[in-house]
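Inspection log for the structure reproduced underneath, given as structure tokens.
In the working numbering, the protein residues as written are 1 to 94.
Here it is, written out as structure tokens:
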């Protein structure tokens with residue numbers, strides 16, 4: 001199993017993520033090569049909770065311009081995971 005800190009990059013704090021927390025779901029940015037089983041084990045080990053489900057999705061990077069230059073660049077593609085916890089459990093965000 002991979003190092004849990006290498007699998008889970010960051011907890012995503014967004015409007016949608018805040019709404020999902022009411023349903024015991026949390027959003028994480030994860031390593032692009034991580035699979036659902038590795039994500040489940042990493043969250044359980046890092047936060048001492050029981051995971052009941054993991055949904056993953058790949059997010060395409062956006063095209064960006066550098067200042068007023070006509071040259072276009074891209075932000076990196078990344079992977080997002082929605083982790084569902086057992087009823088009554090929470091991840092302390094403080």
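Each residue gets a CB set at the ideal place from its N, CA and C atoms; glycine is no exception.
With a CB to CB cut of under 6 Å and the five nearest residues on each side skipped, what residues in its chain are close to residue i?
i, result
"residue 52", "84, 86"
"residue 2", "38"
How should residue i be labelled, buried or exposed, when 16 other C-beta atoms within 10 angstroms of its C-beta is the threshold for buried?
i, result
"residue 54", "buried"
"residue 39", "buried"
"residue 59", "exposed"
For the beta strand (DSSP E) holding residue i, just list the boundary residues, first then last.
i, result
"residue 64", "63 to 65"
"residue 8", "8 to 11"
"residue 81", "78 to 85"
"residue 2", "Looking at the DSSP string, residue 2 is not in any beta strand (DSSP E), and its letter there is neither H nor E."
"residue 59", "51 to 59"
For the alpha helix (DSSP H) holding residue i, just list the boundary residues, first then last.
i, result
"residue 20", "15 to 20"
"residue 89", "Per DSSP, residue 89 belongs to no alpha helix (DSSP H) and is neither H nor E."
"residue 42", "36 to 47"
In terms of DSSP beta bridges, what is residue i paired with?
i, result
"residue 94", "None, per the DSSP bridge assignment."
"residue 68", "According to DSSP, which records beta bridges pairwise, residue 68 is partnered with nothing at all."
Can you give me the Cβ contacts of residue i inside the same chain, cut-off strictly under 8 Å, excluding the 5 residues immediately before and after it?
i, result
"residue 77", "32, 58, 59, 60, 61"
"residue 65", "71, 72, 73"
Under 7 Å Cβ to Cβ from residue i, same chain only, skipping five residues before and after it: list those, please.
i, result
"residue 7", "30, 31, 34, 38, 39, 42"
"residue 137", "Nothing about residue 137 can be read from this structure; the chain reaches only from 1 to 94."
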